[in-house]
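Note that the UniProt record's numbering gives residue 150 to position 150 of the sequence shown, counting from 1, and the numbers run on in steps of one.
For every residue, glycine included, the Cβ atom is placed at its ideal position computed from N, Cα and C.
Please read all numbers here as calculations on a predicted model, not as lab measurements.
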Amino acid sequence: MRVRRYHLVLILGLLGLMQAQARADMLAREPYLLVRSMRMLQDQVASGKPEALPMLNRVLAHVSRQFKEAKPEAWDKPANAYALFIYLLNGGNPDVVRGIIATLKPDQIDPKLIAGSLAYADGDALRIVENFQELPPNLPAELNASIYLVTASQLASIDAITALKRLDYIRLNAPGTLLEEAALRRGLSIAAGLGEKDKLLYLSRNYLQRFERSPYSEDFYRQLVDALLKLKDKISEEEIKDLAVLAWPGARMPFYLRLARGSIVNGDLVRARFAAREAEELATALKADNTQARLYLAVSNVGSDETGEAGRILSSLPKDRLHGRDVNLLEAAMAMAGKITEQPRVTSAAMEPQTIPTPEIATQTPQKTRQPPAVDTEDAMITETRKKLDAIDAILGKAGK
Numbered sequence: 001m002r003v004r005r006y007h008l009v010l011i012l013g014l015l016g017l018m019q020a021q022a023r024a025d026m027l028a029r030e031p032y033l034l035v036r037s038m039r040m041l042q043d044q045v046a047s048g049k050p051e052a053l054p055m056l057n058r059v060l061a062h063v064s065r066q067f068k069e070a071k072p073e074a075w076d077k078p079a080n081a082y083a084l085f086i087y088l089l090n091g092g093n094p095d096v097v098r099g100i101i102a103t104l105k106p107d108q109i110d111p112k113l114i115a116g117s118l119a120y121a122d123g124d125a126l127r128i129v130e131n132f133q134e135l136p137p138n139l140p141a142e143l144n145a146s147i148y149l150v151t152a153s154q155l156a157s158i159d160a161i162t163a164l165k166r167l168d169y170i171r172l173n174a175p176g177t178l179l180e181e182a183a184l185r186r187g188l189s190i191a192a193g194l195g196e197k198d199k200l201l202y203l204s205r206n207y208l209q210r211f212e213r214s215p216y217s218e219d220f221y222r223q224l225v226d227a228l229l230k231l232k233d234k235i236s237e238e239e240i241k242d243l244a245v246l247a248w249p250g251a252r253m254p255f256y257l258r259l260a261r262g263s264i265v266n267g268d269l270v271r272a273r274f275a276a277r278e279a280e281e282l283a284t285a286l287k288a289d290n291t292q293a294r295l296y297l298a299v300s301n302v303g304s305d306e307t308g309e310a311g312r313i314l315s316s317l318p319k320d321r322l323h324g325r326d327v328n329l330l331e332a333a334m335a336m337a338g339k340i341t342e343q344p345r346v347t348s349a350a351m352e353p354q355t356i357p358t359p360e361i362a363t364q365t366p367q368k369t370r371q372p373p374a375v376d377t378e379d380a381m382i383t384e385t386r387k388k389l390d391a392i393d394a395i396l397g398k399a400g401k
């Protein structure tokens, strides 16, 4: 107990020192100190400190005002000039930066750094990559990391391997920061696109162990599920479980639900069944509503040997506990289950032998009774099964939109 109390006091003391340092930096009008305080606050946001997030917009506004009031000679100092671009690439006001850039001395800043940063402010992806494909020499590590982060998505479309290496640079040179938190998230889709399963698992474990309480964790889970859907059976159910157990219980169940639905839409009903079962077990353990989990589990069983039971479960689910798109999925799955369980009906008339009437002319030989052409039972079954599978695919695809 004493050890825990000591650690708590130490943590609170360190947090107090960080906030005190940030306040001291804010009082100083040196632009690089202002940006340092802004970055410290952003890092506290990434680590999940709830008091940091409401302060961030106020701090950004304060830095913006201080930049406007800074004397022109303040930007002669390289640390302040580079801080201007770090500020822009980390949520700063583009108009403020444009105004200051216009006052800089010629050749004070590499033209590509200016062009690339303004392209980022304009959302011009092509010019961002053109100017930042190779960085000017001797930039501060934090500025390099900021550039690498904002160009990762655009660069990944033309050189995914380099983009992933740049995100690795961020993780190594800016550990524990919002830059690292974002680099881990953005690396998931790139690793999945390259088919690098081990890299994906490594990045995911790092995130869950260190940034699980980040306010941006929802984006992490979305990126993770998309990556798992892309890699499909390259990642086993056991590997998914090993990842999920690192998440706190409140996030684990939504993760499995998202994975179950995505797998249904992608037509991977085996993976959907696994994820839905995990979600249902968590719902029971957490005493949470299991309607969504039961829906996905039942849908994943439509078309299998358990179609009848799946239909009964679907018909018992309360629609008022489901979102609109899941209500559409429920209704589509119920309709499909009903069609599959219907027994094919053959009319008795079709089964009766048909005869040609005997002609009245006595000289003609009576014709033999004709039987209906033989039906190839196996071919008919295959055709019917294909129709049902095509219908399921169409329904699930429509419900997923």
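Discussion item. Which same chain residues end up closer than 7 Å to Lys-68 when comparing Cβ atoms and leaving out the 5 residues on each side of it in sequence?
Written reply: Result list for Lys-68: Val-96, in chain order.
Worksheet entry | Spatial distance of Gly-267 from Gly-311 (CA atoms) | Approximately 19 Å between the Cα atoms of the pair.
Practice prompt. Have a look at Pro-254, Gly-176, Ser-153, Ala-192 and flag the residue whose alpha-carbon is nearest the alpha-carbon of Asp-226.
Written response: The shortest C-alpha separation from Asp-226 is found at Ala-192.
Worksheet item: What runs of the alpha helix (DSSP H), each 4 residues or longer, lie entirely inside the segment 124-180?
Response: 125-132, 141-156, 160-173, all fully within the segment 124-180.
Item to complete: Could you name the residues of the same chain whose beta carbon sits closer than 6 Å to that of Asn-301, not counting the 5 residues immediately before and after it, in chain order?
Response: Excluding sequence neighbours, Asn-301 sits near Ala-310.
Item to complete: Starting from the Cα of Leu-297, find the closest Cα among Ala-285, Thr-284, Ile-313, Ala-288 and give me that residue.
Response: Nearest option by C-alpha distance: Ile-313.
Worksheet item: Between Met-336, Arg-277, Gly-303, Arg-261, which lies nearest to Leu-322 when the distance is taken from Cα to Cα?
Response: For the options Met-336, Arg-277, Gly-303, Arg-261, the alpha carbon positioned closest to that of Leu-322 is the one of Arg-261.
Worksheet item: In whole angstroms, what is the alpha-carbon distance linking Ile-264 and Leu-56?
Response: So the two alpha carbons sit approximately 39 Å from each other.
Worksheet item: Would you call Gln-292 buried or exposed, if buried means 16 or more other Cβ atoms sit within 10 Å of its Cβ?
Response: With 16 or more other Cβ atoms within 10 Å, it is buried.
Practice prompt. Please go through the same chain and pick out, in chain order, the residues whose beta-carbon is closer than 6 Å to the beta-carbon of Arg-258, but skip the five residues on each side of it.
Written response: Contacts found: Val-225.
Fill in: the segment 132-149 / the segment 69-85 touching (three or more Cβ pairs under 8 Å)
Contact holds: three or more Cβ-Cβ distances are below 8 Å.
Worksheet item: Should Pro-31 be labelled buried (16 or more other beta-carbon atoms within 10 Å of its own) or exposed?
Response: With 16 or more neighbouring CB atoms inside 10 Å of its own CB, Pro-31 falls in the buried class.
Practice prompt. Using beta-carbon positions only, say whether Ile-170 and Leu-149 come within less than 8 Å of one another.
Written response: Yes, these two residues count as a Cβ contact at 8 Å.
Fill in: Ala-279 versus Asp-198 - alpha carbon distance
Distance between the alpha carbons of Ala-279 and Asp-198 is about 25 Å.
Discussion item. Taking the alpha-carbon of Ala-70 as reference, which of Ile-100, Val-45, Ala-46 has the nearest alpha-carbon?
Written reply: Per the Cα distances, Ile-100.
Worksheet entry | Local conformation of Asn-93 per DSSP, three classes | Reduced to three states, the DSSP call for Asn-93 is coil.
Item to complete: Compare the beta carbon distance of Met-38 and Leu-60 with 8 Å and say whether it is the shorter of the two.
Response: The answer is yes: Cβ separation under 8 Å.
Practice prompt. For Thr-103, count neighbouring C-beta atoms within 10 Å of its own C-beta (all shown protein chains included) and say buried if the count is 16 or more, exposed if not.
Written response: Counting Cβ neighbours within 10 Å, Thr-103 comes out exposed, since fewer than 16 surround it.
Discussion item. Tell me the DSSP secondary structure of Leu-317 in three-state form.
Written reply: Coil.
Discussion item. I need the straight-line Cα distance from Asp-289 to Tyr-87, nearest angstrom please.
Written reply: Cα to Cα, Asp-289 sits roughly 44 Å from Tyr-87.
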